[in-house]
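To keep things clear, I will list the structure first and then write my remarks on it.
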Amino acid sequence: ENFAAVTKFSGKPTEEIVLEKENFLRSSLIRDGIRPKSGCMLARYNDPGRTWRFIMRNEVLIWLDTL
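In terms of the working numbering, the sequence shown opens at residue 11 and continues consecutively.
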């Protein structure tokens, strides 16, 4: 089984924002004693060319080390 931690956010997912969300989520996991794997994944749920930025839905996922 694989598990991931997720944080969601709205707006345009620029590289800077995604990195900020990844760092926040990763530090929260470590603080809570959960071991994150390296890297992250960006999930985008809207067409960036047809969706207003303020209603775009995005998530940053970090896979967890389950050992």
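For each residue, glycine too, the CB sits at the ideal point set by N, CA and C. Note that this is a predicted model, so its numbers are computed, not measured.
Residue pairing for residue 17: DSSP places it in a beta bridge opposite 70.
If you compare the alpha carbons of 55, 45, 11 with that of residue 70, the shortest gap goes to 55. Beta-bridge partners of residue 52 (DSSP): 70. When only Cα atoms are considered, residue 31 and residue 68 end up about 11 Å apart. If the five residues before and after residue 74 are omitted, its C-beta is found closer than 7 Å to the C-beta atoms of 13, 14, 15, 44, 45, 46, 47, all from its own chain and listed in chain order.
In this structure residue 65 is not in contact with residue 50, their Cβ atoms being roughly 23 Å apart against a cut-off of 8 Å.
Between residue 35 and residue 17, the C-beta gap is smaller than 8 Å, which places the two residues in contact.
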